[in-house]
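Residue numbers (UniProt numbering): 1 to 221.
Backbone N, C-alpha and C define an ideal beta-carbon position, used for all residues, glycine too.
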Amino acid sequence: MTDQIKDYILIHRLKPGELLPTEAELCAELGVSRSSVREAMRTLAALDIVEVRHGYGTYVGQLSLAPLVEGLVFRGVLRPEDDFAALREVVEVREALDLAMAEQICAAMVGTSNPRLHELVETMEEKSGLGEPFAEEDRAFHSELLAHLDNALVGQLVTAFWEVNTVVYPRLGLPPATDLDETARAHGDMLRAAEAGDVAAFREAVVTHYIPLRRGLGSAS
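Dropping the structure here:
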């Protein structure tokens with residue numbers, strides 16, 4: 001049943017946010033019972049393929065990676081006995097994505113001016129000097145950096161793995177990072193390298209950025 005509804009969305013070229021037919025209309029269109037449609041909609045809603053707005057109808061969902069994030073968070077919390085292997089894998093994927101997009105990011109940003117990104121770096125450096133975490137600035141930095149690319153999926157993947165990393169880390173009882181200044185400086189190095197179009201320097205800064213995370217996981221295991 002879920003496949004039939006997904007096929008309906010594809011065949012009719014419905015886009016995120018567009019209204020689906022009523023339950024009765026879908027039953028008639030697909031030749032199925034109301035209970036089958038309701039059960040399928042519950043499953044699709046959990047996957048963010050549809051969004052049920054009570055009193056208004058059912059709409060095509062935003063097709064976000066939220067279900068992926070929830071699954072990976074649960075996987076990471078479920079396996080703490082594996083020497084934090086699941087979280088270490090997430091960090092490796094994050095780093096691999098940043099390194100893989102280095103050339104595209106530098107090509108897109110060379111010669112540009114990015115006051116918002118510089119402001120985020122300054123805030124991170126200020127907070128690190130006070131020993132304060134800067135998770136929101138970190139997330140905004142990576143999101144805005146990738147916004148220069150004509151590839152929305154990469155941005156969604158990076159954000160998804162960032163969320164998993166940020167949620168799972170404290171749930172596993174890992175201590176707060178103490179080398180915040182190193183991480184903050186790495187963000188600044190990444191930005192300056194991107195604006196200069198220096199791919200090698202950007203990749204070096206990416207590797208430096210993940211050293212504190214790897215160090216924290218290594219000491220925990």
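Classify residue i: buried if its beta carbon has 16 or more other beta carbons within 10 angstroms, exposed otherwise.
i, result
"THR58", "buried"
"ILE11", "exposed"
"LEU217", "buried"
"HIS187", "buried"
"THR183", "buried"
"LEU191", "buried"
"HIS54", "exposed"
Report all residues from its chain with a CB closer than 6 Å to the CB of residue i; omit the five preceding and five following residues, and keep chain order.
i, result
"SER36", "MET1"
"GLU137", "LEU120, THR123, MET124"
"TYR56", "none"
With respect to the beta strand (DSSP E) encompassing residue i, which residues constitute its N-terminal and C-terminal limits?
i, result
"GLY57", "57-60"
With H, G and I counted as helix, E and B as strand and the rest as coil, what does DSSP make of residue i?
i, result
"VAL199", "helix"
"GLU122", "helix"
"ARG13", "coil"
"GLU132", "coil"
"VAL90", "helix"
"VAL32", "coil"
"VAL207", "helix"
"VAL50", "strand"
"MET190", "helix"
"ASP181", "helix"
"ALA147", "coil"
Could you pull out every residue in the same chain whose Cβ sits closer than 7 Å to the Cβ of residue i, ignoring the five residues on either side in sequence?
i, result
"HIS148", "ILE105, ALA108, MET109"
In its own chain, which residues sit with a C-beta less than 8 Å from the C-beta of residue i, not counting the 5 before and 5 after it?
i, result
"residue 240", "Since the first and last residues shown for the chain are 1 and 221, residue 240 lies out of range."
"ALA24", "ARG34"
If you follow the alpha helix (DSSP H) that residue i is part of, which residue opens it and which one closes it?
i, result
"GLU18", "Taken as a continuous stretch (DSSP letters only), GLU18 belongs to no alpha helix (DSSP H), as it is neither H nor E."
"MET109", "102-109"
Since residue i and residue j should fall inside the 8 Å C-beta cutoff, what is the C-beta to C-beta distance between them, to a whole number of angstroms?
i, j, result
"VAL50", "LEU26", "11 Å between Cβ atoms; not a contact."
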